[in-house]
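Beneath this line is the structure, given in structure tokens, with notes to follow.
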Amino acid sequence: MRPNGEPASIAELDRQTGSKGDVTVPERMLKFVHLPQRMPEKRDVATRRVDFDEIYRRFSADEAAKQSSRCSQCGVPFCSIHCPLNNNIPDWLKLTAEGRLEEAYEASSATNNFPEICGRICPQDRLCEGNCVIEKGYEAVTIGAVERYVTDTAFERGWVRPIRPRRELGLSIGIIGAGPGGLAAAEELRRRGYEVHVYDRYDRVGGLMIYGIPGFKLEKDVVLRRHALCEQSGIQFHLGVSVGADLPLAALRERHAAVLIATGVYKPREIGGPGAGLAGIVPALDFLTAANRKGLGDEVPAFDDGTLDASGRDVVVIGGGDTAMDCVRTAVRQGAASVKCLYRRDRANMPGSMREVKNAEEEGVEFIWLAAPEAFLGEDGVRGVRAQRMRLGLPDATGRQTVEPIQGSHFTLPASLVIKALGFDPEDLPHAFGEPGLEVTRHGTLKINHRSFMTSLPGVFAAGDIVRGASLVVWAIRDGRDAAAQMHEYIQKGHRLAEAAD
Ligand code: FAD
Ligand code: SF4
Ligand code: SF4
């Protein structure tokens, strides 16, 4: 028994509740009534503020089993329904509670290519855990932390093996983009026996997982480990190749039986107003990519000359999404003199995960809610941001409350580095790829048939952010898996037709 009265292990809990060796599901599970929710321990603020290591420690075997045993094994599991991958969550929670970790890993990896990544960075409070039915009054099962624990354990124990297709089909696929969407599709198509070629303009694999998302949320070794596994599975990477600029899309269409576009969205939304062009006002992804590259040991001139280094500076980040949260917390770790986040709506209406806001506040970030920049002050570089207070108005057509400025409510914040984190739009792909026939939506994202995942170009498919607009890793994985299934169907159908015509 622990000093706080909690049982120290499942066995002890079983003794308390009268379970014998022949444990039935309800006896093993449903422990949420007695066992409180425990998240994995968070590293203390003083230590985590000065490095880029993940902030959550891993569960011990006992903690993972106990937290899994809180699940009530719902007949209709809302957690699974609200997981974009429809993971069989109750199944792997039960297996974890029973200590059957290899089977838990098999169950969780059957529907998710990168469970160790989703376990770390999915906004669980909005997805699986936010919809766990024991949330009200008892707090959700810690699904993400268990998923991470199970997969990390599987890697350590050698249960995660490279893909070995049953037979080689002698057909090749081209995938543009080595982010989660492209990689999930690559794995699924390799599993079916295709020769898979992934082209990426970056020098490393992972897309935003390697150069966007900071190490304190997702350590880079976790991404590099997946890259190594993909290579061991026979997936071939062509890095430093920008499709469009270095290699026409037409060449890929000739070379491969089908092509997948999974290029993400990278064009930063701009901010206007007087002084918006001053030195020291930088796009969020430039700032984060420089920090990530530095952490990976690269030479980064724009960081080394101070342009993208927050150390010693008064930093103002503009925006309220995940990217803004990553920027403020990166600036803290670089030793900024002060870090403020300026957001035009209030805490309840911000798009970023509440967990991340809390982490940022603990680390010393000051949030200025209901405020928007109006002008940037300075001559040879930014020295301050003039902002205006806002108030929430009536909901718009989407149901989201509009904002309106409060007249005469200006104030000025000192700032020597301003980071713009206002979201991303797609690049002009038809132009970049020299394919005017590649149709886009009015938002610039690629138009696809949502059943077949095919674009307006025959044999060219698309998945991930370039179709959805800026979204989540878990959705990119889902799209990559679905697109892979459709590409396989398309190729096989073509073969069947060719055979019938012979
Ligand atoms: P990407 O990951 O963007 O990958 C696209 C790849 O295509 C890149 O490697 C790029 O180099 C390559 N490419 C682009 N154009 C070309 C070309 N012409 N030729 C060759 N290669 C090309 N999601 C979460 O779930 N949790 C989070 O905590 C989270 N945090 C985020 C933090 C930041 C700062 C950002 C920017 C995003 C975050 N996201 C998060 C969102 C998530 O990273 C994306 O939704 C996801 O990575 C999209 O996957 P993707 O495969 O569609 O594209
Ligand atoms: Fe939850 Fe994401 Fe895992 Fe689904 S993939 S169970 S949403 S953490
Ligand atoms: Fe278990 Fe919660 Fe999912 Fe129900 S909703 S199966 S209690 S994790």
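When we follow my numbering, the leftmost residue of the sequence shown carries the number 390, and every step to the right adds one.
Cβ atoms here follow ideal geometry from the backbone N, Cα and C, with glycine treated the same way.
Predicted model only: the values in this text are computed from it and were never measured.
Just to confirm before moving on: does the CB-CB distance between ILE880 and ALA647 stay below 8 Å?
Yes. Within cutoff.
Comparing alpha-carbon positions, which option in ALA859, ALA720, TYR538 lies nearest ARG438?
Check the Cα spacing between ARG438 and each of ALA859, ALA720, TYR538: the tightest is with ALA720.
How would you label GLY604, buried or exposed, when you count the other beta carbons within 10 angstroms and need 16 or more for buried?
Flag for GLY604 reads buried.
Could you give the DSSP three-state label for GLU395: helix, strand or coil?
The pLDDT assigned to GLU395 is 43, lower than 50, so where the model puts this residue is not dependable; a value taken from the coordinates is nonetheless given after this. In the structure shown, GLU395 falls within a coil segment according to DSSP collapsed to helix, strand and coil.
Outcome for HIS884 when other beta-carbon atoms lying within 10 angstroms are tallied against a minimum of 16
HIS884 comes out exposed.
Restricting to Cα atoms, I'd like to know which of LEU560, PRO473, ALA634, SER561 is closest to ILE822.
Note that residue 822 is Phe in the sequence shown here, rather than Ile. The shortest Cα separation from PHE822 among LEU560, PRO473, ALA634, SER561 belongs to ALA634.
Determine contact between the segment 596-613 and the segment 806-815, defined as no fewer than three beta-carbon pairs at a distance below 8 Å.
No: the two stretches stay apart, fewer than three of their Cβ pairs being nearer than 8 Å.
Could you spell out where the alpha helix (DSSP H) holding CYS619 opens and where it closes?
Residues 609-621.
With H, G and I counted as helix, E and B as strand and the rest as coil, what does DSSP make of THR485?
DSSP places THR485 in helix when its eight states are reduced to three.
I believe ARG780 touches LEU759 by the beta-carbon criterion, under 8 Å. Please report the beta-carbon distance rounded to the nearest angstrom.
So it is a contact: roughly 7 Å between Cβ atoms.
Please list the terminal residues of the continuous beta strand (DSSP E) segment that includes GLN625.
625-628 is the span of the beta strand (DSSP E), which, as asked, contains GLN625.
Might you give, ordered along the chain, the residues of its own chain that have their beta carbon closer than 7 Å to the beta carbon of LEU886, omitting 5 neighbours on each side?
So the list is empty, once near-sequence residues are dropped.
Unbroken alpha helix (DSSP H) runs of length 4 or more, entirely within the segment 433-483: which are they?
Counting only runs of 4 or more, we get 434-437, 450-457, 467-470.
Under DSSP, the alpha helix (DSSP H) around PHE842 begins and ends at which residues?
Bounds of any alpha helix (DSSP H) do not take in PHE842, whose DSSP letter is neither H nor E.
According to DSSP, TYR538 sits in a beta bridge with which residue or residues?
The beta-bridge partner set that DSSP reports for TYR538 is empty.
Comparing the CB of GLU536 with every heavy atom of ligand 2, is any distance shorter than 7 Å?
Result yes, Cβ under 7 Å from ligand 2.
Tell me the residue span of the alpha helix (DSSP H) that contains PRO504.
Here the alpha helix (DSSP H) through PRO504 covers 504-510.
Measuring from the CB of GLY895, is there a heavy atom of ligand 1 at a distance below 7 Å?
One cannot answer for residue 895 here, as it falls past the ends of the chain, which runs 390 to 891.
Can you check whether the CB of ILE506 is closer than 8 Å to the CB of ALA575?
Taking 8 Å as the Cβ cut-off, ALA575 and ILE506 do not qualify as a contacting pair.
Could you compute how far the alpha carbon of PRO784 sits from the alpha carbon of GLU793?
Near 12 Å, if we compare the C-alpha coordinates of GLU793 and PRO784.
So if DSSP puts GLY727 in a beta bridge, which residue, or which two residues, is it bridged to?
Before going further, note that residue 727 is Ser rather than Gly in the sequence given. For SER727, which the question treats as bridged, DSSP gives the partners ASP703.
Buried or exposed for PHE620, please, with buried defined as at least 16 other CB atoms from any protein chain shown within 10 angstroms of its CB.
Going by the sequence as given, residue 620 is Glu instead of Phe. Answer is exposed; the Cβ neighbour count stays below 16.
Exposed or buried, which one is ALA699 when buried takes at least 16 other CB atoms within 10 Å?
ALA699 sits buried, since 16 or more C-beta atoms from the chains shown fall within 10 Å of its C-beta.
Given 7 Å as the limit, tell me if CYS507 has its C-beta closer than that to any heavy atom belonging to ligand 2.
Under cutoff, so the answer is yes.
Since GLY869 and LEU572 should fall inside the 8 Å C-beta cutoff, what is the C-beta to C-beta distance between them, to a whole number of angstroms?
Yes, they are in contact, since the Cβ atoms of GLY869 and LEU572 sit about 7 Å apart, within 8 Å.
Taking DSSP as the reference, what is the three-state secondary structure of PHE544?
In the structure shown, the three-state DSSP call for PHE544 is helix.
Can you list, in chain order, the stretches of the alpha helix (DSSP H) that have 4 or more residues and sit fully within the segment 790-878?
818-821, 854-857, all fully within the segment 790-878.
Nearest CA to the CA of ARG553: which residue from GLU430, SER469, GLU491, SER622?
When only C-alpha atoms are compared, the closest one is SER622.
How would you write the range of the alpha helix (DSSP H) that VAL717 sits in, first residue to last?
Its alpha helix (DSSP H) spans residues 711-722.
Measuring from the CB of ASN476, is there a heavy atom of ligand 2 at a distance below 7 Å?
It does: the Cβ of ASN476 is within 7 Å (strictly closer) of some heavy atom of ligand 2.
Tell me the DSSP secondary structure of GLN777 in three-state form.
GLN777 falls in the strand class under three-state DSSP.
Determine, using beta carbons only, whether MET428 and ALA534 come nearer to each other than 8 Å.
In this structure, ALA534 lies closer than 8 Å to MET428 by Cβ.
Would you mind giving the Cβ-Cβ distance between LYS609 and GLY684, rounded to the nearest angstrom? I have them listed as a contact below 8 Å.
Indeed they touch by this definition, with Cβ atoms about 7 Å apart.
If you pair each beta-carbon of the segment 588-601 with each one of the segment 626-643, do three or more pairs fall below 8 Å?
Enough Cβ pairs lie closer than 8 Å, so yes.
Could you work out which residue in LYS747, ASP735, ARG734, ASN738 is closest to ARG718 when comparing CA atoms only?
Checking every option, the nearest Cα to that of ARG718 belongs to LYS747.
Under the three-state reduction of DSSP, which class applies to HIS884: helix, strand or coil?
If DSSP states are grouped into helix, strand and coil, HIS884 belongs with the helices.
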